[in-house]
Amino acid sequence: MTRKLDMMEALQALAADRGISSETLMGALADAMESAYSRMPGAKDYAWVTIDPDTFDIRVWSQELDEDGEPYGDVSDVTPPDFGRIAAQTARQVMNQRLREVDREMKYEEYSGREGDIVTGIIQQGDSRYTL
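For what it's worth, the numbering used here labels the leading residue of the sequence shown as 63, then goes sequentially.
If you want it as structure tokens, here you go:
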């Protein structure tokens, strides 16, 4: 239980630090866990992850697919007892990728309304395709 509380606190701190909503981070974490699960041996083809925002309970759900690739039958809980080292690395990489995407979107939103304006600033890193 303390691990779950630590994870909740870490996500809330990350959300506050980056100015990102907790819901966005929970969605990114669910995507990361789904990607990690899909790389595990014996993973089901059609699976998705849910995270309870109150208890931070992470569950992996699955459903069988028919010949056409459509889900059918009962939904079953296929949450593994642990995800392992490789899955944890995958989850970390996906989470970092999602955070970079959110940062990029926030920067775009911040400056998209200023198109045509002359602004001054310090370039910390430049790409020769976009800087003069």
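C-beta: ideal position from N, C-alpha, C; glycine also.
Note on Leu-73: 16 or more other CB atoms within 10 angstroms of its CB, so buried under the neighbour-count rule. The distance from the Cβ of Ala-150 to that of Ser-97 is about 11 Å, inconsistent with a contact at the 8 Å cut-off.
In this structure, the beta-carbon distance from Ala-90 to Tyr-99 does not fall below 7 Å. For Leu-87, the closest alpha carbon among the candidates Lys-169, Ala-109, Asp-114 and Arg-101 is that of Asp-114. In the three-state reduction of the DSSP assignment, Asp-128 falls in the coil class. The stretch 71-159 is shown to contain whole beta strand (DSSP E) runs of 3 or more residues at 109-113, 120-127 and 133-139, in chain order. In the three-state DSSP reduction, Val-181 falls in the coil class, being neither helix nor strand.
Assigned with DSSP and collapsed to three states, Asp-189 falls in coil, not helix or strand.
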